[in-house]
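For reference, the structure is listed below as structure tokens.
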Amino acid sequence: MPFQILSISGGGYLGLYSIAVLASLEQSIGRPIASCFDLIAGTSVGGIIALGLAAECPAEEIKAAFEKEGKSIFSSRAAPTTRFGQWRDFGRSLFSPKYTGTALRNVVGSIIGEETLIGDLKHPVVVPTVNLTKGTPQVFKTPHHLSFQRDHLLRVVDVAVATSAAPTYFPIAEIGDELFADGGLFANSPDMIALHEAEHFLKVKYQDICLLSIGTTTTQFSFSHRTGRKLGTAAWARRLASAMISSQQLDVHYMLSHKLADRYVRIDEVQSREQERDLGLDVATDTAMKTIRGLAAGSVQKFINNSKLQDMLRNSAPAPKFFYGRSAQ
Numbered sequence: 002m003p004f005q006i007l008s009i010s011g012g013g014y015l016g017l018y019s020i021a022v023l024a025s026l027e028q029s030i031g032r033p034i035a036s037c038f039d040l041i042a043g044t045s046v047g048g049i050i051a052l053g054l055a056a057e058c059p060a061e062e063i064k065a066a067f068e069k070e071g072k073s074i075f076s077s078r079a080a081p082t083t084r085f086g087q088w089r090d091f092g093r094s095l096f097s098p099k100y101t102g103t104a105l106r107n108v109v110g111s112i113i114g115e116e117t118l119i120g121d122l123k124h125p126v127v128v129p130t131v132n133l134t135k136g137t138p139q140v141f142k143t144p145h146h147l148s149f150q151r152d153h154l155l156r157v158v159d160v161a162v163a164t165s166a167a168p169t170y171f172p173i174a175e176i177g178d179e180l181f182a183d184g185g186l187f188a189n190s191p192d193m194i195a196l197h198e199a200e201h202f203l204k205v206k207y208q209d210i211c212l213l214s215i216g217t218t219t220t221q222f223s224f225s226h227r228t229g230r231k232l233g234t235a236a237w238a239r240r241l242a243s244a245m246i247s248s249q250q251l252d253v254h255y256m257l258s259h260k261l262a263d264r265y266v267r268i269d270e271v272q273s274r275e276q277e278r279d280l281g282l283d284v285a286t287d288t289a290m291k292t293i294r295g296l297a298a299g300s301v302q303k304f305i306n307n308s309k310l311q312d313m314l315r316n317s318a319p320a321p322k323f324f325y326g327r328s329a330q
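Basically my numbering = 1-based index in the sequence shown + 1.
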């Protein structure tokens, strides 16, 4: 029997694409999509989605929350198109985060529950963050291994806020006495994190692993030869996050497509030049919402008959073994 992994990338409000795709797939099988997978991984907004699915929250409800509350979490302003507008937008986060994070926490709490613990989840999940107190990456996990004695007592909402605490966008998250930032700083596409978890901790041979990776339509980062040679500190400051995210994701997908071959399915879309003007990590306008939903619908139509995807969706993962928490067997 194959060991199946679902991995969900980060991308701010573009995560609406990820959950829209997953909601359509869940509707097509008529049961929680988490039941198809042995392990779920998610970073940033993908981590929020992963935690919700691991709690068996209906994907359609998570999608509806994104659509309804996106403007309260992010910005209802259109993406700036002029250089002045771009610099003004950049200036808003020069000395403090652009958003308070209160609305984000409230939305996550309304979806999953304020008091739900990691040990209460119904499916194994891994969620990358950066521990700023220790200066190291940290992956929060359900207690699906005997040595995982720490995280099952943490509240899901705290972990969700930690993995999505994107620098300049949201305040640094605090859990206990430790500070955390967005997992996208090192693993915006957590596919390799999940693969390592399966191989190292769960002792699964990579030949038995199938991985479904869901993107957020983030564009490939590039610029012209003339522009690139003239960029200084100020110009790079606006572009650095996009460059890091794009490069990291492309590298991960390249390696996974080689290692897993046809057992690796990546669902994503490339934004057109016109669509790029309407979309952004924190752009939650009505136009952005409709564009993202349209991209998701196109992806579902493109992949729904993919034979490997269909095999994944027909699978029923065995009940997980948790060693601690209320879900422990």
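Glycine included, each C-beta is placed from N, C-alpha and C at the ideal position.
At what residues does the alpha helix (DSSP H) containing G43 begin and finish? On the sequence shown, residue 43 is found 42 positions in, with the first residue counted as 1. No alpha helix (DSSP H) contains G43, which is instead part of the beta strand (DSSP E) from L40 to G43.
Just mark Q150 as buried or exposed, buried being the case when its beta carbon has 16 or more other beta carbons within 10 Å. Within the sequence shown, the letter at position 149 stands for residue 150. Classification of Q150: exposed, given that the 10 Å Cβ count is below 16.
Express the C-alpha separation of F324 and V46 in angstroms, rounding to a whole number. Position 45 of the sequence shown, counted from the start, is the residue given in the question as residue 46. Position 323 of the sequence shown, counted from the start, is the residue given in the question as residue 324. Roughly 27 Å between the two C-alpha positions.
Taking only runs that begin and end inside the segment 115-193, name each unbroken alpha helix (DSSP H) of 4 or more residues, in chain order. Whole alpha helix (DSSP H) segments, 4+ residues: 157-164 and 185-188.
With H, G and I counted as helix, E and B as strand and the rest as coil, what does DSSP make of I6? Here residue 6 is taken as the residue at index 5 of the sequence shown, counted from 1. I6 falls in the strand class under three-state DSSP.
Count the other CB atoms within 10 Å of the CB of I305; is the residue buried (16 or more) or exposed (fewer)? In the sequence shown, residue 305 corresponds to position 304, counting from 1. Counting Cβ neighbours within 10 Å, I305 comes out exposed, since fewer than 16 surround it.
Would the segment 132-140 count as touching the segment 45-61 if we require 3 or more Cβ pairs under 8 Å? Contact annotation: the segment 132-140 does not touch the segment 45-61, with fewer than three C-beta pairs closer than 8 Å.
Measure how close the beta-carbons of I41 and V126 come, nearest whole angstrom, since I'm counting them as under 8 Å. The residue given as residue 41 occupies position 40 in the sequence shown. The residue given as residue 126 occupies position 125 in the sequence shown. Yes, I41 and V126 are in contact; Cβ-Cβ is about 5 Å, under 8 Å.
Give the C-beta separation of A285 and I74 to the nearest angstrom, bearing in mind that I take them to be a contact with Cβ-Cβ under 8 Å. Taking the sequence shown and counting its residues from 1, one reaches residue 285 at position 284. Taking the sequence shown and counting its residues from 1, one reaches residue 74 at position 73. The Cβ separation is near 7 Å, so the contact holds.
Simplified DSSP state of C211, which is helix, strand or coil: Numbered from its first residue, the sequence shown carries residue 211 at position 210. Correct three-state label for C211: strand.
Count the other CB atoms within 10 Å of the CB of S263; is the residue buried (16 or more) or exposed (fewer)? Mapped onto the sequence shown, residue 263 falls at position 262. The amino acid at residue 263 is misidentified as Ser; the sequence shows Asp. Exposed, because fewer than 16 other Cβ atoms sit within 10 Å of the Cβ of D263.
Please classify Y265: does DSSP put it in a helix, a strand, or coil? What you label residue 265 is simply residue 264 of the sequence shown in a count that begins at 1. Y265: strand per DSSP, three-state reduction.
Same chain, Cβ closer than 6 Å to S25, five either side skipped, listed in chain order: Within the sequence shown, numbered from 1, the residue matching residue 25 stands at position 24. Cβ within range, chain order: V301.
Buried or exposed: K69, going by 16 or more other Cβ atoms within 10 Å of its Cβ? To locate residue 69, count along the sequence shown from 1; it is residue 68. Exposed, by the Cβ-count rule.
Spell out the partners DSSP gives V253 in its beta bridges. Position 252 of the sequence shown, counting from 1, holds the residue named residue 253. In the DSSP output, where bridge partners are listed per residue, V253 has none listed.
R315 lies in the alpha helix (DSSP H); which residues open and close that run? Position 314 of the sequence shown, counted from the start, is the residue given in the question as residue 315. Looking at the DSSP string, the run of the alpha helix (DSSP H) that includes R315 is S308 to R315.
What three-state label does DSSP hand V205 in the structure shown? One-based indexing of the sequence shown puts residue 205 at position 204. Three-state DSSP puts V205 in coil, outside helix and strand.
Helix, strand or coil: how does DSSP classify F85 here? Position 84 of the sequence shown, counting from 1, holds the residue named residue 85. Its pLDDT being 48, under 50, F85 is placed unreliably by the model, and nothing is read from it.
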